[in-house]
Structures are given as structure tokens and as C-alpha cells.
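Visitor: Chains as they are written, first to last, in our numbering: chain E, 55 to 226; chain W, 31 to 232.
My questions all concern the structure below.
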Amino acid sequence: MPVSLTNSGVVYDALKKCGIGLVSALPETWLVHLIRMAEDDPKMILVRLAKEEEGVGISAGAHFAGVKSAMLMQNHGFLASINGIVSFAQLYRIPLLMLISYRGHFGERDPWQTQGGGVTEPLLRALGIPYSFLDDPAKVEKRIAEAQTWAYASLHPAALLLTRELMWEEPA
Amino acid sequence: MQRLDCLRAIYDQLENCLVVTIMGAVACELQSLGHKPNFFYLQHAMGLGSSTGLGLALCLPEQKVVVFDGDGSILMNLGGYTTLARYQPRNLVHVVFDNESLLSVGGFPTATSTGSDLEGVARASGIARTKTVSTIEEFKHVFDDALKANDLTSIVAKVEAVGPKGYVTELALLENRFQFKRYIEKLTANAHRGDAESRRES
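In C-alpha cells form, the structure reads like this:
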């Protein structure tokens with residue numbers, strides 16, 4: 055599977071440097087290495103979900119408990135979480151850090167991903183959730199740290215889009 | 031059995047627990063008995079009460095966590111039962127007040143009114159300690175046991191579909207949220223390092 059092990063490691067190390075102590079996740083192809091890294095890390099609480107929206111509640115509980123967290127999900131998981139994001143994370147000012155694999159954008163070969171790819175950024179903008187791209191391994195650490203800093207300063211969700219460029223090693 | 035009487039019967043035992051309720055009648059009735067800084071009322075996001083309790087319970091394993099859920103809410107997140115079962119937080123007591131109704135929006139019947147059995151769902155999800163109760167004495171007994179058991183418990187309390195006249199209380203949502211987090215910060219003095227919100231609140 056051409057999911058980049060090296061760049062998954064770059065992302066995981068960046069999360070650790072930000073003090074992330076809990077990760078909620080629902081597996082998808084691009085996230086397999088990241089989830090395995092969380093599972094193999096005895097200092098990380100990994101919560102495997104049935105549906106991504108649960109992760110909003112779990113992250114809010116972690117925030118109340120003083121533990122920094124991140125949600126790992128596909129963009130369709132983000133779509134499935136929107137009620138929780140609006141009626142919990144935004145309503146109650148939770149600094150939710152979301153790492154969203156940006157499936158269905160240019161280069162996508164799976165037809166079933168293409169519709170979600172087209173609505174991901176418009177929805178983030180409609181919800182007023184700032185986002186940036188994880189596309190260059192050299193900038194991953196800085197972008198995750200900056201997103202987290204902003205989320206805590208504003209007490210608001212922030213998103214990072216994991217791009218094909220970073221996560222997939224096969225030429226398009 | 032009425033929900034308010036259930037809450038009254040166990041109110042004193044909530045003193046040392048972190049308590050999460052769902053929106054509507056449960057939040058209102060618990061506040062009517064007396065709000066405490068260790069109570070958090072999730073006044074929307076139906077279905078995520080149990081998930082919030084799970085996040086708290088996993089991050090604070092020494093702390094007892096109680097979630098007051100409802101049939102309408104848990105039916106929106108039945109997968110949440112499987113996540114609770116998967117991680118089996120020993121410090122979590124999950125109570126579903128099942129009035130077989132979406133009371134706050136006019137009393138429309140939920141699927142538990144036509145036979146869907148939440149205790150059965152909980153058990154089949156992998157939560158071994160689960161029980162349906164329909165009298166105050168039974169509820170108090172099972173809840174007391176659950177607090178002492180040090181094992182994940184899900185209680186389904188069958189209650190009448192009656193509630194307060196209104197659902198908006200004087201406690202602002204954000205006031206409740208910040209107070210609840212500050213309460214936990216005091217409990218766990220060194221669990222937050224470099225957290226901007228903690229610095230601001232301290």
C-alpha cells in the first residue's frame with residue numbers, strides 16, 4: 055500500500071510535540087500508519103470509533119480533563135461529524151483539532167470519494183473553521199503547531215487537510 | 031417512576047462525581063435540585079453525552095464519571111455503546127432515562143415505545159453490567175451498586191414521559207462549561223501544562 059510511512063511518521067511526531075495525549079480515529083486508507091503509531095505508543099490514548107462524530111464528544115471530555123487531543127478522520131468522517139462540531143465544539147468553545155484526510159481531490163482514482171472531495175473546503179469555509187494543508191513534510195510540524203495554538207487561543211475548532219501529496223507515494 | 035424522583039434519590043451521591051447530562055428535561059430537573067460545579071449539561075449535540083463521559087473517564091481514570099442519557103439521544107448514537115464496551119472504562123456509570131418519547135419536542139414516541147430494548151443493545155454491544163429498572167428503590171439500589179462496582183455499568187431507567195414546563199434555565203451554557211473545566215483543573219492540579227485556557231483561567 056503506497057501510503058507514506060515516512061510522512062505518517064512526520065505527522066505523528068508533530069502531534070506528539072504538540073503534547074497530544076488522546077487521538078480518536080476511524081480507519082481509512084491514508085490513516086492506517088498513523089493509527090498504528092498511536093496504537094503502539096503506550097503514552098497515547100487511542101479511541102477507535104464507530105462513527106467520527108463520537109470523537110467530538112470524546113475530545114471535549116478530554117479538553118475538560120486537561121488533555122490535548124486530535125481527531126483523525128477522512129473528509130467523509132468530517133461530513134458525518136458536522137452536527138457535533140456545530141452543536142458542541144462551536145457552541146461550547148472547544149479547541150477541537152481535526153486532521154482530515156483530503157480524499158476525492160485531483161489524483162483520486164476511487165470514484166466514490168470524488169463527491170466528498172468537492173465539498174470539503176466549501177463546508178469548512180461555511181462553518182467558519184480555519185484550515186491549512188499538510189502537503190510538505192518540512193512544514194508539517196509548524197502547521198500543526200500553529201493550528202493548535204490558534205484553536206486554544208480562540209477556543210474554536212481548527213482543521214488540517216492531509217493531502218495526497220503528503221500521504222500517497224504512488225505517482226498519479 | 032419519574033425522572034426527577036430518580037435524580038432526587040441519588041443526588042447526594044453525585045457530590046464527588048463528574049456528571050454529564052443531555053439536554054432538555056434531564057438538565058433542567060438536575061438543576062432544579064441544585065446546580066453544582068461538577069455538573070455539565072450538554073444542551074445540544076444529541077448522542078454525544080456518552081462520548082463526552084467516555085473522554086472524561088479515559089483521561090481521568092481515578093475519577094468517577096456519571097452520564098445521564100436519554101432514549102432519544104442514545105438512539106442517535108447506538109454505536110457509542112460499542113465504543114463504551116470496547117474501552118470498558120471502569121469509572122463510568124451510564125444511565126439512560128427511557129421515557130419512550132422525544133418529550134421536549136412534543137412527545138413523539140421513540141423506537142423504545144415499540145419494543146427496542148436498550149439494555150439488550152448495551153449487553154449485545156459488550157457491556158456486561160446492564161439492567162433495566164422501573165421503581166425508585168430498584169434504581170437507587172442499582173445506581174449505588176454501580177458506583178461501588180468499579181466496572182462500566184449501563185442502567186436503563188424506565189420513566190414516565192413527564193418533565194418541566196420549560197427547558198431554558200438561568201445558567202448560561204458557557205458559564206457552565208468554564209466552571210466545569212475549572213472544577214476539574216482544581217482536582218488535577220498538574221494535568222494541564224501550557225494550556226492557554228488554563229493560564230487565562232488561573
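C-beta atoms are modelled at their ideal positions from N, C-alpha and C, and glycine is treated no differently.
In this text, all values refer to a predicted model and were calculated from it rather than measured experimentally.
Output, in chain order, the set of chain W residues within a Cβ distance shorter than 7 Å of E/Lys105.
Guide: The residue given as residue 105 of chain E occupies position 51 in the first sequence. Chain W residues near E/Lys105: Gly109.
Visitor: Considering only residues of the same chain and omitting the five flanking positions on each side of E/Met91, which have a CB-CB separation below 6 Å?
Guide: Reading the first sequence from its first residue, position 37 is the one you call residue 91 of chain E. Closer than 6 Å at the Cβ level, and outside the excluded window around E/Met91, lie Tyr66.
Visitor: Excluding the five sequence neighbours on either side, which residues of its own chain have a C-beta within less than 6 Å of the C-beta of W/Val96, listed in chain order?
Guide: The residue labelled residue 96 of chain W in the question sits at position 66 within the second sequence. Excluding sequence neighbours, W/Val96 sits near Cys47, Val49 and Val123.
Visitor: My understanding is that E/Leu100 touches E/Ala124, with C-beta atoms under 8 Å, so please give their C-beta distance in whole angstroms.
Guide: The count along the first sequence starts at 1 and reaches residue 100 of chain E at position 46. The count along the first sequence starts at 1 and reaches residue 124 of chain E at position 70. Not confirmed; about 11 Å, so no contact.
Visitor: At 7 Å on the CB atoms, spell out the chain W contacts of E/Ala114, in chain order.
Guide: For the purposes of this step, residue 114 of chain E is identified with residue 60 of the first sequence, where counting begins at 1. Per Cβ cutoff of 7 Å: Thr82 and Gly85.
Visitor: W/Leu108 and W/Val151 - do their beta-carbons sit closer together than 8 Å?
Guide: As a position in the second sequence, residue 151 of chain W is number 121, starting the count at 1. As a position in the second sequence, residue 108 of chain W is number 78, starting the count at 1. Yes. Within cutoff.
Visitor: When burial is assigned at 16 or more other CB atoms within 10 Å of the CB, is W/Ser232 buried or exposed?
Guide: Position 202 of the second sequence, counted from the first residue, corresponds to residue 232 of chain W. Its pLDDT being 41, under 50, W/Ser232 is placed unreliably in this model, and the value from its coordinates should be taken loosely. With fewer than 16 other Cβ atoms within 10 Å, it is exposed.
Visitor: Under 8 Å, Cβ to Cβ, is there at least one residue of chain W near E/Leu85?
Guide: Within the first sequence, residue 85 of chain E is the residue found at index 31, counting from 1. It does not: the Cβ of E/Leu85 has no partner Cβ on chain W nearer than 8 Å.
Visitor: Could you check where the alpha helix (DSSP H) with E/Ala114 kicks off and where it finishes?
Guide: In the first sequence, the residue the question calls residue 114 of chain E occupies position 60. Per DSSP, E/Ala114 belongs to the alpha helix (DSSP H) from Glu108 to Phe118.
Visitor: Should W/Leu90 and E/Ala119 be called a contact, given that it needs their Cβ atoms to be closer than 8 Å?
Guide: In the second sequence, counting from the first residue as 1, residue 90 of chain W sits at position 60. In the first sequence, counting from the first residue as 1, residue 119 of chain E sits at position 65. Closer than 8 Å, so yes.
Visitor: What distance in whole Å lies between the Cβ atoms of W/Ala39 and W/Phe169, which are believed to be in contact at a cut-off of 8 Å?
Guide: The residue you call residue 169 of chain W lines up with position 139 of the second sequence. The residue you call residue 39 of chain W lines up with position 9 of the second sequence. Confirmed, about 7 Å.
Visitor: Compare the C-beta of W/Thr183 against all C-beta atoms of chain E and say whether one is closer than 8 Å.
Guide: To locate residue 183 of chain W, count along the second sequence from 1; it is residue 153. Output row for W/Thr183: interface = no.
Visitor: What's the gap between the Cα of W/Ala226 and the Cα of E/Val173?
Guide: Residue 226 of chain W sits at position 196 when you count from the first residue of the second sequence. Residue 173 of chain E sits at position 119 when you count from the first residue of the first sequence. Per-residue confidence for W/Ala226 stands at a pLDDT of 49, beneath the threshold of 50, marking its modelled position as unreliable; the derived number appears in the next sentence. Whole-angstrom Cα-Cα distance: 32 Å.
Visitor: Report yes or no: is there a C-beta of chain E within less than 8 Å of the C-beta of W/Ile157?
Guide: Residue numbering aside, residue 157 of chain W sits at position 127 when the second sequence is read from its first letter. Not an interface residue.
Visitor: For chain W, is any of its Cβ atoms less than 8 Å away from the one on E/Gly120?
Guide: Reading the first sequence from its first residue, position 66 is the one you call residue 120 of chain E. Closer than 8 Å: yes.
Visitor: Run through chain W and tell me which residues come within less than 7 Å of E/Ser141, C-beta to C-beta.
Guide: Taking the first residue of the first sequence as 1, we reach residue 141 of chain E at position 87. Those within 7 Å of E/Ser141 in chain W are His74 and Ala75.
Visitor: Using three-state DSSP, classify W/Tyr117 as helix, strand or coil.
Guide: Your numbering for residue 117 of chain W matches position 87 in the second sequence. Helix, per DSSP.
Visitor: Express the C-alpha separation of E/Ala201 and E/Ala182 in angstroms, rounding to a whole number.
Guide: Position 128 of the first sequence, counted from the first residue, corresponds to residue 182 of chain E. Position 147 of the first sequence, counted from the first residue, corresponds to residue 201 of chain E. The displayed chain sequence assigns Gly, not Ala, to residue 182 of chain E. Straight-line Cα distance between these residues: approximately 14 Å.
Visitor: Can you tell me where the beta strand (DSSP E) with W/His124 in it begins and where it stops?
Guide: If you number the second sequence from 1, residue 124 of chain W lands on position 94. Here the beta strand (DSSP E) through W/His124 covers Leu122 to Asp128.
Visitor: Exposed or buried, what is W/Ser164 when buried is set at 16 or more other beta-carbons lying within 10 Å of its beta-carbon?
Guide: As a first step, residue 164 of chain W is located in the second sequence; it is residue number 134 there, counting from the start. Exposed is the call here.
Visitor: With 8 Å set as the bound, which would you pick, yes or no: does the beta-carbon of W/Glu231 sit closer than that to a beta-carbon of chain E?
Guide: Sequence index remark: in the second sequence, residue 231 of chain W carries index 201 (1-based). With a pLDDT of only 47 at W/Glu231, under 50, the local geometry of the prediction cannot be trusted, and the value read off the model is given with reservation. No - not a single Cβ of chain E is within 8 Å of the one on W/Glu231.
Visitor: From which residue to which residue does the beta strand (DSSP E) around W/Val97 run?
Guide: In the second sequence, residue 97 of chain W corresponds to position 67, counting from 1. Counting along the chain, the beta strand (DSSP E) containing W/Val97 begins and ends at Val95 to Gly100.
Visitor: Work out the CA separation of W/Leu72 and W/Ile52 for me, nearest whole Å.
Guide: Position 22 of the second sequence, counting from 1, holds the residue named residue 52 of chain W. Position 42 of the second sequence, counting from 1, holds the residue named residue 72 of chain W. Approximately 5 Å, taken between the alpha carbons.
Visitor: Give me the Cα-Cα distance between E/Leu153 and W/Thr140, rounded to the nearest whole angstrom.
Guide: Working through the first sequence from its first residue, we reach residue 153 of chain E at position 99. Working through the second sequence from its first residue, we reach residue 140 of chain W at position 110. Going from the Cα of E/Leu153 to the Cα of W/Thr140 covers about 35 Å.
Visitor: Name the residue from E/Lys105, E/Leu59 and E/Pro211 whose alpha carbon lies nearest to the alpha carbon of E/Ala79.
Guide: Taking the first residue of the first sequence as 1, we reach residue 79 of chain E at position 25. Checked all of E/Lys105, E/Leu59 and E/Pro211; the closest Cα to E/Ala79 is E/Lys105.
Visitor: Tell me the residue span of the alpha helix (DSSP H) that contains E/Gln169.
Guide: Residue 169 of chain E sits at position 115 when you count from the first residue of the first sequence. Segment Thr168 to Leu181, the alpha helix (DSSP H) holding E/Gln169.
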